[in-house]
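Enquirer:
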Amino acid sequence: MGVLADETLPRGELEQQQLERLRSQLTIMLADNPFYRNKLHAAGIRSATDITCMADLTRLPHTTKQELSEDQREHPPYGTNCSLPHEAYSRLHQTSGTTGERLRWLDTPQCWNWWGRCWQAVYRAAGVGADDRIFFAFSFGPFIGFWSAYEGASQLGALAITGGGMSSQQRLQAILANQATVLVCTPTYALHLAEVANGLGMDIANSAIRRTIHAGEPGASIPATKSKIERAWGARCFDHAGATEVGAWGFECDAQDGLHVNESEFICEVLDPQTLQPSEEGELVVTNLDRAAMPVVRYRTGDRVRWHDQDKCPCGRTYRRIAGGVIGRLDDVLIIRGINVYPSAVEAAVRQFDQIVEYAVEAFRRGEMDELVVRVELVEGESDDAGSLRADLERALHENLGIRAGVEFAGSRELPRFELKAKRVTDSRPRP
Ligand SMILES: [Zn+2]
Numbered sequence: 037m038g039v040l041a042d043e044t045l046p047r048g049e050l051e052q053q054q055l056e057r058l059r060s061q062l063t064i065m066l067a068d069n070p071f072y073r074n075k076l077h078a079a080g081i082r083s084a085t086d087i088t089c090m091a092d093l094t095r096l097p098h099t100t101k102q103e104l105s106e107d108q109r110e111h112p113p114y115g116t117n118c119s120l121p122h123e124a125y126s127r128l129h130q131t132s133g134t135t136g137e138r139l140r141w142l143d144t145p146q147c148w149n150w151w152g153r154c155w156q157a158v159y160r161a162a163g164v165g166a167d168d169r170i171f172f173a174f175s176f177g178p179f180i181g182f183w184s185a186y187e188g189a190s191q192l193g194a195l196a197i198t199g200g201g202m203s204s205q206q207r208l209q210a211i212l213a214n215q216a217t218v219l220v221c222t223p224t225y226a227l228h229l230a231e232v233a234n235g236l237g238m239d240i241a242n243s244a245i246r247r248t249i250h251a252g253e254p255g256a257s258i259p260a261t262k263s264k265i266e267r268a269w270g271a272r273c274f275d276h277a278g279a280t281e282v283g284a285w286g287f288e289c290d291a292q293d294g295l296h297v298n299e300s301e302f303i304c305e306v307l308d309p310q311t312l313q314p315s316e317e318g319e320l321v322v323t324n325l326d327r328a329a330m331p332v333v334r335y336r337t338g339d340r341v342r343w344h345d346q347d348k349c350p351c352g353r354t355y356r357r358i359a360g361g362v363i364g365r366l367d368d369v370l371i372i373r374g375i376n377v378y379p380s381a382v383e384a385a386v387r388q389f390d391q392i393v394e395y396a397v398e399a400f401r402r403g404e405m406d407e408l409v410v411r412v413e414l415v416e417g418e419s420d421d422a423g424s425l426r427a428d429l430e431r432a433l434h435e436n437l438g439i440r441a442g443v444e445f446a447g448s449r450e451l452p453r454f455e456l457k458a459k460r461v462t463d464s465r466p467r468p
């Protein structure tokens with residue numbers, strides 16, 4: 037349902053549209069944006085007409101977070117990536133600073149409208165419409181994700197209900213009292229809410245919630261996590277991906293086989309992070325096409341992704357897909373005894389076990405050896421007296437990671453719970 041004509045254009049037409057929009061962005065940047073004018077000039081681009089076809093995209097320079105952060109430090113508070121005077125902007129958000137420094141990001145009313153439009157694509161693909169009541173289980177703060185999701189919900193004509201500044205119990209009560217039909221939060225928090233509801237004897241599996249939409253972590257694309265959320269909430273669970281600097285670039289459709297890239301609003305490339313050449317799996321690099329007041333060109337997101345091997349999606353959209361969602365952050369990978377271990381692969385193993393409510397991953401050095409231990413906390417009342425859970429989890433971890441990892445049990449309520457992005461990994465090994 038809800039597929040727009042723009043989303044099903046033949047590739048040739050879609051790329052022509054991308055090219056035209058890219059050129060109009062470049063025209064603005066060359067005229068009015070000091071940050072990108074300098075970068076484009078240094079790359080030998082003097083006019084938007086220098087870009088004549090999609091293959092010319094490779095002539096454009098990449099952008100890194102470090103560059104943007106240095107620019108903001110040298111030109112406080114907002115840097116030189118502004119195509120308009122500061123008075124033209126109406127919204128300010130900040131990155132969560134998971135890697136390095138925080139970035140400040142400005143939007144004009146027009147850019148903010150674009151954010152809402154991108155989010156409408158997320159909702160439409162998840163089968164969410166004007167009749168829905170969407171609950172945002174999140175303390176909004178300076179982060180753009182949920183503010184933009186809220187904007188998108190309002191544009192859609194749905195009822196947008198904020199869960200800011202509430203405890204988990206208050207959020208659950210608000211969800212039930214308002215008969216909310218859609219829950220938007222991180223995948224970790226959806227499971228945490230389910231745990232709290234269970235403790236309070238609240239029946240959320242039979243509540244009005246029929247869709248859950250998640251971002252901030254790969255969880256909603258990890259089959260075991262998705263299925264756990266779906267069972268807890270009696271709803272279908274959808275993944276979404278985006279970033280402050282970039283926009284809401286990816287969404288899951290009804291076919292639920294990978295994340296579509298919103299190619300009407302973004303040009304996405306997957307590049308080998310070392311050679312920066314196109315690759316089937318590698319770093320996601322994004323150019324946004326309608327945020328000219330503070331744009332990004334070929335922005336290196338740091339997200340590791342893999343193209344889906346099939347072009348055609350049963351939903352009819354011609355937008356390409358990322359297989360299995362975002363695999364993880366490039367800098368999150370743990371190299372254990374020479375093997376790359378993504379935290380999402382640990383999650384995929386742990387979430388197969390309903391007895392486990394929370395977990396943490398610890399990498400450390402014992403003698404000369406790298407060791408990996410997964411500490412798990414069991415649901416109240418569960419125990420592993422027979423030792424079978426430990427053996428089954430060790431086997432699942434070995435299958436998913438390709439290396440052996442130890443399993444330890446944490447006490448009740450010992451491991452932290454998370455609302456925003458979960459931080460479950462600690463690496464105490466000496467830096468090389
Ligand atoms: Zn699809």
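Numbering-wise, the sequence shown is residues 37 to 468 according to my numbering. Here a beta-carbon is modelled for each residue, glycine too, at the ideal position from N, C-alpha and C.
Verify the contact flag: Arg-357, CB atom, against every heavy atom of ligand 1, threshold strictly below 8 Å.
Expert: The answer is yes for Arg-357.
Enquirer: If you follow the alpha helix (DSSP H) that Ile-285 is part of, which residue opens it and which one closes it?
Expert: According to the sequence displayed, residue 285 carries Trp and not Ile. Trp-285 -> not in any alpha helix (DSSP H); beta strand (DSSP E) instead, spanning 283 to 287.
Enquirer: Run through DSSP, which three-state label would His-122 get?
Expert: DSSP places His-122 in helix when its eight states are reduced to three.
Enquirer: Could you say if the segment 370 to 381 and the segment 350 to 358 meet the contact criterion of at least three C-beta pairs nearer than 8 Å?
Expert: Because the criterion of three Cβ pairs below 8 Å is not met, the segment 370 to 381 and the segment 350 to 358 do not touch.
Enquirer: Is Ala-5 near ligand 1, in the sense that its beta carbon is under 8 Å from a heavy atom of that ligand?
Expert: This structure gives no information on residue 5, because the portion of the chain shown stretches from 37 to 468.
Enquirer: Can the beta-carbon of Ser-119 be found closer than 9 Å to that of Ala-279?
Expert: Contact: no.
Enquirer: Where does Arg-90 sit, in a helix, a strand or coil, going by DSSP?
Expert: It is worth fixing the name first, because residue 90 is Met in this sequence and not Arg. Helix, per DSSP.
Enquirer: Just grab the DSSP bridge partners of Met-405 for me.
Expert: Answer is Arg-402, bridged to Met-405.
Enquirer: Just reading off the alpha helix (DSSP H) that Trp-141 is part of, what are its end residues?
Expert: Premise fails: Trp-141 lies in the beta strand (DSSP E), 140 to 143, not in any alpha helix (DSSP H).
Enquirer: Pull every residue with its beta-carbon under 6 Å away from any heavy atom of ligand 1, and keep them in chain order.
Expert: That gives Cys-289, Ala-291, His-296, Cys-349, Cys-351 and Arg-353.
Enquirer: Can you tell me where the beta strand (DSSP E) with Tyr-335 in it begins and where it stops?
Expert: Unbroken beta strand (DSSP E) run through Tyr-335: 335 to 342.
Enquirer: Spell out a yes or no on whether the segment 458 to 466 and the segment 416 to 436 are touching, meaning 3 or more CB-CB pairs, one atom from each, closer than 8 Å.
Expert: Contact fails: fewer than three Cβ-Cβ distances are below 8 Å.
Enquirer: Between the Cα of Asp-308 and the Cα atoms of His-296, Val-409, Leu-40 and Glu-317, which residue gives the shortest distance?
Expert: The shortest C-alpha separation from Asp-308 is found at Glu-317.
Enquirer: Could you round the C-beta distance between Ile-358 and Leu-325 to whole angstroms and report it? I think they count as a contact, below 8 Å.
Expert: Not quite, the Cβ-Cβ distance comes to about 18 Å (not below 8 Å), so this is no contact.
Enquirer: Between Leu-58, Ser-204 and Pro-97, which has its C-alpha nearest Tyr-335's C-alpha?
Expert: That would be Pro-97, whose Cα lies nearest to the Cα of Tyr-335.
Enquirer: Look up Glu-317 in the DSSP assignment and give the residues it is bridged to.
Expert: Beta-bridge pairing links Glu-317 to Arg-342.
Enquirer: What do you reckon, are the CB atoms on Arg-340 and Val-362 nearer than 9 Å?
Expert: Yes. Within cutoff.
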